[in-house]
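Below is one structure, written out as structure tokens, with a few remarks after it.
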Amino acid sequence: MKHLLLSLIFLPLLAWSATSMKTDSDGYPLLDQYSEEGFVDCVLRIVDRSETRDHYRLQLRATYAGQVVGMDVVIVKNIQGGFDSEMKLKRENVYRRGVVFRRTGPESDRLVAALAELYHEKPVVRMATEETFTAIALHQGSLDMEREPVKVKIFGRDGEPFDEAAYYESFFNLDLKNGLVYWNEKDQDYRGPLIRALAE
């Protein structure tokens, strides 16, 4: 938890892209079209959404190098702002297993392979069956996930005993109203751990 708190001291000012989105003939966004200045930022469309009492399940798709890529993501419902009015972390709004990535088939293998290529990491053949994350919304106060974009920071391999070499972070920003997810890179040093965690 101490490492988690330290990593939140400096919060980036994240912006939703104002430029028009490039898509393929099926309407899938080009995966890495918003990448710039050495950072790999990905966009995926929500092509199907289901829900239970406590979670959303999102089917995500994009296109990379002419092929469809994607995965399923399970996200806890009713995520609320992770900080109070004084920007202190609200521990009750730290969601363990708040986000789960799930392999759905060859499109998921292609997604992780695309990331490995974009990150200049070793090639990947297959995505892991599942990877779980702690999630914190980078907001203050109450949120309505259905109606407003939610900026989420996700923490991979942050359990105990803590292994710094395996730990990684990224941003997983949700726009349920417009059916989009923006999966943005936090730090290039996390590329290796992320790929190792997502590759089987």
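For the sequence shown, this note's numbering assigns the number -11 to the initial residue and increments by one for each residue that follows. Heads up, the beta-carbon is just placed ideally off N, CA and C, and yes, glycines get one too.
Check	Outcome
Helix or strand or just coil, what does DSSP make of Q128?	strand
Select from K165, K10, E152, S130 the residue whose C-alpha is nearest the C-alpha of L182.	E152
Can V87 and A123 be called in contact, C-beta distance under 8 Å?	yes
CB-CB under 6 Å to D42, same chain, minus the five flanking residues each way: which ones, in chain order?	K65
Over the uninterrupted beta strand (DSSP E) stretch that includes S38, give me the two end residues.	29 to 39
Among the residues of its own chain, which have a CB less than 8 Å from the CB of S130, if the five just before and after it don't count?	Q68, G69
Does W4 pass the burial test, meaning 16 or more other C-beta atoms within 10 Å, or should it be called exposed?	Note that W4 scores 49 on pLDDT, short of 50, meaning its location in the model is unreliable; the coordinates nonetheless yield the value given after this. Flag for W4 reads exposed.
Three or more beta-carbon pairs under 8 Å between the stretch 101 to 120 and the stretch 8 to 28, yes or no?	yes
If you reduce the DSSP assignment to three classes, tell me which class R179 lands in.	helix
Measure the beta-carbon distance from Q55 to R98 and round it to whole angstroms, keeping in mind my assumption that it falls under 8 Å.	5 Å
What residue range does the alpha helix (DSSP H) around E203 cover?	Lying before the first or after the last residue shown, residue 203 is absent from the chain, which here runs from -11 to 188.
Nearest-angstrom Cα distance between E157 and S8?	27 Å
Whole angstroms are fine: how far does the CA of V61 sit from the CA of V112?	20 Å
Do L32 and G58 come within 8 Å of each other at the CB atom, strictly closer than that value?	yes
Output needed for H127: all residues of its chain with C-beta closer than 6 Å, excluding positions within five of it in sequence on either side, in chain order.	G69
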